[in-house]
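The next block holds one structure in the form of structure tokens; read it before the comments.
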DNA sequence: CGTTTCCAAGGAAACGTTTCCAGAGCTCTC
DNA sequence: GAGAGCTCTGGAAACGTTTCCTTGGAAACG
């Protein structure tokens, strides 16, 4: 049998009017039953439910939200960097779960760090009248976000700060986290430490580098590479650094994929036990490698939950000033970050 | 400044009527301009666009789809097992990208292998009048899916077969993949091989076990554990197997998390170089471990793309019989699967 | 010049729902 | 026993859009 098209479905096209006629009641009564409003005689309500079941009636959420006084669509939209990245998907999971508790659905899309894709997504989402937006912003004061603000859709920026009046934000204590990790390396005797970071347009990339520089001011002994955004790029850059006349005794990475790239290069050179490595953001299996990869771990689920909470507060009518929520990071020692500098070795 | 609520936004509440009044044209003309229909005088169209810009007008997709003849919402819904799982997020990513090319948005949710959550999600999605559904089904012939079919929403099952008339499916050649991997172990001299699999309610779990049994018929020498669904559970089970009087010389795992759990147990016992391990489904960093973890790799992006294609064909009016698409797997040798049986060692 | 043809443009109906309002039937109170 | 108050019900308007259909005017044709 062929799969029916929408028009041919049994229940498709059945409206409240049809249910009302079959149950022998008025349209308004059906609406009341469907929405669970009290004040309908029990036997009448049962008759309506039966008719609805018989006809295969399905409530139409789009028509409903169009007419309803609050015009809510019970939908929030999520603009991620890339759903396939574990950080993003953990964020999405947390937000989706928090939303589900309130009967809210989540639309999502990936910007791939591309401002024009971000703009497209925000535009599509506002056209669909999402009740609110949670965005991992590509830039500091993106036009798209500004437009959403002007339109009046509540907006929460997550993971990165944004220069927009009145936007709630949730971030991680990037600078402190990196500084603390760098301080540990310093205490272990490291003086030649390389920092590999993401594109400078990204807020977190700046913050993390700043934390590193708090301990290791940029200079010839502390080479900094920025703009790395893939495992391959980081791997290549690490090989270059290792081939230099005075290679670093430790690496600090500002991101997930970069950490993996560096580690890959170290393993290829057989140096993973001799050169220290600390990465920002935890990743699965970091503990199964030998040595385990020490990281500055964030809690993406927590980040998502806080973002959802801020957004829901706005949806509930909170008109207060913009809030900023900072979630702490946690250093996880697994071995790679505890390798001492050669000079400090016995 | 306080973040405005939806009612207070500048553009919020601006309708086509307002734009029409400001531009001094009729409502119908604005609609034509907004939808890019030809047959409007250029200067009039420009006037409309200007008025829309001035007022901050945003097209309302919900009202639009309500009235439009085809009643399309340009939305498809995705029911995953768990967005946070790399397999699921890769699937989502591929589907979202394919959909974006057609201007279609993707709603998604996680069933967590729970049929009642699956039912909730399918119901919510049909209430929102998604044009189509892509589902990783929890069961063989779920009520929820049947209901969607009856309602007439095109439905594609992905990753798992489903016993429903006329439902398109996309799966991987599970049985062949596992059988081929098992055959390699057999050739390497292994005779005591343990199989650890997921819950038997899951179609793929059955298929993969069947493939294993094609080579190693279930018996005392080939212990089978099923119903493992977390890293911890698998780790625990592996420890038990290793402590048995005659421990297996190789493990075959039917899933991602199980593979990791087994590997974790092997490393804790210091046996990762002596006992072979092959897992179904690749995972990041499998190659950075020593030895690297050999896997039967699937291509989730490909799976998602095929599912999207099947669905879009239905949306485009394809009324043909249900189709079934099988995507091949690929064995990736990384070391752990190439460890020979002790008897075969020199 | 009169008639037809064509095309741009606007008025109004309709999509499926929620919600206001009015009416009907009741009980309760003075 | 009549009016007030209450509860339940249904009719109809409205949400913002698309689309049918009509209209007015200009161009084309005899």
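Protein chains in written order, with the working numbering: chain U, 1 to 346; chain L, 347 to 692. Quick reminder that beta carbons are idealized off the backbone N, C-alpha and C, glycines included. These numbers were taken from a predicted model, which means no experiment stands behind them.
Chain-order list of chain L residues neighbouring residue 92 of chain U: 429, 430, 435, 438 and 454, by C-beta distance under 9 Å. Taking 8 Å as the upper bound on Cβ-Cβ separation, chain U lies near residues 495, 496, 497, 498, 499, 500, 501, 511, 512, 513 and 514 of the stretch 490–519 of chain L.
Cβ contact annotation for residue 31 of chain U (same chain, cutoff 7 Å, sequence separation greater than five): 16, in chain order. Here residue 166 of chain U is actually not in contact with residue 209 of chain U; their C-beta atoms are around 28 Å apart, not less than 8 Å.
Against chain L, the beta carbon of residue 289 of chain U has neighbours under 9 Å at 631, 634, 635 and 636, listed in chain order. Interface residue (Cβ-Cβ distance to chain U less than 8 Å): residue 621 of chain L is not classified as such.
From the beta-carbon of residue 374 of chain L, no residue of chain U is found nearer than 9 Å; the closest lies around 19 Å away. Where residue 676 of chain L is concerned, the enclosing beta strand (DSSP E) starts and stops at 676–678.
For the 8 Å CB-CB criterion, residue 603 of chain L and residue 580 of chain L form a contact.
For residue 670 of chain L, the beta-bridge partners assigned by DSSP are L:515. If you ignore the 5 residues before and after residue 156 of chain U, its C-beta comes within less than 6 Å of the C-beta of 134, 168, 307, 310 and 311, all in its own chain and listed in chain order. When Cβ pairs closer than 8 Å are counted between the two stretches, the stretch 524–537 of chain L is seen not to touch the stretch 458–465 of chain L, the count staying below three.
The shortest CA-to-CA distance from residue 325 of chain U to any of U:174, U:97 and U:110 is the one to U:174.
Under a criterion of Cβ atoms nearer than 7 Å, the residues of chain L adjacent to residue 59 of chain U are, in order, 473. In the three-state reduction of the DSSP assignment, residue 372 of chain L falls in the coil class, being assigned neither a helical nor a strand state.
Rounded to whole angstroms, the separation of the alpha carbons of residue 558 of chain L and residue 624 of chain L is 11 Å. Boundaries for residue 682 of chain L: no alpha helix (DSSP H) harbours it, and the DSSP string shows neither H nor E there.
Contact of residue 65 of chain U with chain L by beta-carbon distance below 9 Å involves 408. Listed along chain L, no residue sits closer than 7 Å to residue 16 of chain U by beta-carbon distance, the nearest being about 13 Å off. When only Cα atoms are considered, residue 241 of chain U and residue 269 of chain U end up about 12 Å apart. Taken in chain order, the complete beta strand (DSSP E) segments of 3 residues or longer contained in the stretch 54–105 of chain U are 75–80.
Inclusion of residue 536 of chain L and residue 622 of chain L in the CB contact set at 8 Å is warranted, their separation being smaller than that value. Distance from the Cα of residue 161 of chain U is smallest, within the candidate group U:153, U:172 and U:154, for U:172.
Contact of residue 202 of chain U with chain L is not assigned, every C-beta pair being separated by 8 Å or more. A distance of 8 Å or more separates the beta carbons of residue 530 of chain L and residue 510 of chain L.
If you draw a straight line from the Cα of residue 665 of chain L to the Cα of residue 639 of chain L, it comes to about 44 Å. When the Cα atoms are used, residue 194 of chain U and residue 332 of chain U turn out to be separated by approximately 20 Å.
Under the 8 Å Cβ criterion, the stretch 80–96 of chain U counts as touching the stretch 432–439 of chain L, having at least three qualifying pairs. Secondary structure of residue 191 of chain U (DSSP, three-state): coil. Fewer than three beta-carbon pairs drawn from the stretch 66–81 of chain U and the stretch 414–426 of chain L are found closer than 8 Å, and the two stretches are therefore not classed as touching.
Legend: CB atoms of the stretch 653–681 of chain L lying less than 9 Å from CB atoms of chain U belong to residues 660, 661, 663, 664, 665, 666, 667 and 668. According to the DSSP assignment, residue 597 of chain L belongs to the beta strand (DSSP E) that extends over 596–599.
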